[in-house]
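Let me begin by presenting the structure, written as C-alpha cells, before commenting on it.
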Amino acid sequence: MSRRSFLALGATALALAVYAVPGAASADPRFAPTDPGPLYTRITDQDTRISLQTLGRPDGKDMLYRISGSVYVNAPGDTVPELRHGTKLFGIEGYNIRRLYREPGTDKLHLLTREIVFYTDPDDPTKILHQWQNPLNGRTYPVVPVNNDAVNQGPFTVTPGFRMPMSGKVHDNLVSTADIPPRYSIKNITGDDFGLRDGMYASWEMFDFYVDGKEARRRSQGLPKGAMEVTNSWTRTGPFVPWTCVAEKDTDAQLVYHARSWTLDSFKDLEPWLKKTISEDYPLYKTSPKAPGPNETSWTSFFHKQLRNGELTWSQWCDQNGR
Numbered sequence: 003m004s005r006r007s008f009l010a011l012g013a014t015a016l017a018l019a020v021y022a023v024p025g026a027a028s029a030d031p032r033f034a035p036t037d038p039g040p041l042y043t044r045i046t047d048q049d050t051r052i053s054l055q056t057l058g059r060p061d062g063k064d065m066l067y068r069i070s071g072s073v074y075v076n077a078p079g080d081t082v083p084e085l086r087h088g089t090k091l092f093g094i095e096g097y098n099i100r101r102l103y104r105e106p107g108t109d110k111l112h113l114l115t116r117e118i119v120f121y122t123d124p125d126d127p128t129k130i131l132h133q134w135q136n137p138l139n140g141r142t143y144p145v146v147p148v149n150n151d152a153v154n155q156g157p158f159t160v161t162p163g164f165r166m167p168m169s170g171k172v173h174d175n176l177v178s179t180a181d182i183p184p185r186y187s188i189k190n191i192t193g194d195d196f197g198l199r200d201g202m203y204a205s206w207e208m209f210d211f212y213v214d215g216k217e218a219r220r221r222s223q224g225l226p227k228g229a230m231e232v233t234n235s236w237t238r239t240g241p242f243v244p245w246t247c248v249a250e251k252d253t254d255a256q257l258v259y260h261a262r263s264w265t266l267d268s269f270k271d272l273e274p275w276l277k278k279t280i281s282e283d284y285p286l287y288k289t290s291p292k293a294p295g296p297n298e299t300s301w302t303s304f305f306h307k308q309l310r311n312g313e314l315t316w317s318q319w320c321d322q323n324g325r
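When you line the sequence shown up against the numbering used here, it's residues 3 to 325, in that order.
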C-alpha cells in the first residue's frame, strides 16, 4: 500500500521558543532524540498539523492503516476471454504500519513504514490464498503477498512556517487527494524485464484521505496522543504482479485494485486472524522500521526475496514454480 504526506500546531509559547532552535528540543527529558513531538509542536498552521497526522502519530509510536479491498481484471475491449473484463480475481487484506521519526539533533522528519497485504479468496476476506491458477496457461503458481520493507518518505524540514495543507473540504470533512503515475524502468533497476513492455513499469496510484471536522478540531492543539481517525480510498491500475506469471507485453489486460483503509492505534488493534498470521509467519511486520533505509515495491521485493537478487530470472521462477 505506499505515497503523499501531511502535518500540525504549537503547545505553549515557551515550548515554541525552545523548539525554534534546531536540536535544542532534543534536550527536553520528555522526548527521545528520534521523537517527532518537538518538531510537530513548532508548526503554527493548523491545517498542516492535521495533514501530518494523516501520516503518523505525533507521539512517534506506531500506527496502522488497515487495508481492505478487491482486485479486478481490466481488459479493454474484453479481448482476453480467459481474463474477462470486470472479473474479481482476489480480495486484499492487510495493512501499512508506520511512525514519524526525527533525525536526532536536526529539524528533519521522516515517515518510516512497512506494508503487508494478503491476496484472499474473492468470497471470503479471511481466507488467504496460497496458490492461484493462471487461466492463460492453466498452470498453478504460489501466491506471494505484498511484503515491502520498507516504504519510507522524507525527510521533511520542519520549521514553524512549514506548510503541508489539506486539499479541501467536503461537508464537514477535510479532504486530501494524491494522484500518482509511477513510471520507471524495472529492467534498469533489476536487470530483468518481468514481461513488461520494454521493461517499463507504469501504473496509477490514486489516494483520497478524509478527516472528520470534529476530529480535526479536537486534535489541532497541543501534542495529541494516539492515531487520528482517518479514512482513505485507494485505487491502483497496473500490470499483473510478478507471481501471476502474466506477461504484460503478451496480454492486453491489467489489474485494478480498489480498497479502503482506516487508521488503528497499533498492531494489537488488528483482527485476531490477521494478528495470528503475522505473528506466526511475518513477525517483522509487527513494527515499523527503526531508522530510514532503502524502499521496496512489489516488484523489487519479488526480485530480492523470490528471485534471490537475480539468481533466478522472472521466467525461470515461473517455469520452476508453475505446476
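All C-beta atoms, glycine included, are put in the ideal place defined by N, C-alpha and C.
DSSP places Lys288 in the helix class (H, G or I) of the three-state scheme. Taking a cut-off of 8 Å on C-beta distances, the stretch 152 to 164 does not touch the stretch 121 to 133, as fewer than three cross pairs fall below it.
For the 8 Å CB-CB criterion, Ile188 and Val119 do not form a contact. Excluding residues up to 5 positions away in sequence, Thr36, His112, Leu114 lie with their Cβ nearer than 6 Å to the Cβ of Tyr103 in the same chain. The three-state secondary structure of Pro78, taken from DSSP, is helix.
Ranked by Cα distance from Trp245, the options Met230, Ser300, Asp200 are led by Ser300. Counting only runs that start and end inside the stretch 39 to 79, the beta strand (DSSP E) elements of at least 3 residues fall at 65 to 76. When C-beta atoms of the stretch 256 to 273 are compared with those of the stretch 61 to 79, three or more pairs fall below 8 Å, so the two segments count as touching. In this structure, Asp214 lies away from Thr179, with their beta-carbon atoms at least 8 Å apart. Under the Cβ criterion (8 Å, minimum of three pairs), the stretch 45 to 55 counts as touching the stretch 220 to 236. Annotation: the continuous beta strand (DSSP E) that includes His260 extends over 256 to 266.
Per DSSP, the unbroken alpha helix (DSSP H) holding Arg219 starts and ends at 215 to 220.
For Thr239, the enclosing beta strand (DSSP E) covers residues 233 to 240.
Leu309 sits in coil when the DSSP states are folded into three classes, being neither helix nor strand. Where Trp245 is concerned, there is no enclosing beta strand (DSSP E), because DSSP gives it neither an H nor an E. In its chain, beyond the 5 residues on either side, Val213, Asp214, Glu217, Trp264, Thr265 have a beta carbon closer than 8 Å to the beta carbon of Glu231. Separation of Lys307 and Gln48 (C-alpha to C-alpha, rounded to the nearest whole angstrom) is 42 Å. With contacts defined by Cβ atoms closer than 8 Å, Phe305 and Thr192 form a contacting pair. The Cβ atoms of Arg325 and Arg59 do not sit closer than 8 Å to each other. Within the same chain, Asp214, Gly215, Lys216 come within 8 Å of Asp174 by CB-CB distance, once the 5 residues on both sides are set aside.
DSSP places Arg199 within a helical segment (H, G or I) once states are collapsed to three. Excluding residues up to 5 positions away in sequence, Met3, Tyr67, Thr115, Glu117 lie with their Cβ nearer than 6 Å to the Cβ of Asn98 in the same chain. Ranked by Cα distance from Gly201, the options Thr108, Asp252, Thr279 are led by Asp252. The three-state reading of DSSP puts Gln318 in helix, counting H, G and I together. Between Leu176 and Met168, the gap from beta carbon to beta carbon is short of 8 Å.
In the displayed model, Pro226 falls within coil according to three-state DSSP, outside both helix and strand. In the DSSP assignment, Asn190 falls within the unbroken alpha helix (DSSP H) covering 188 to 192. Ile45 counts as buried, since at least 16 other C-beta atoms from the protein chains shown sit within 10 angstroms of its C-beta.
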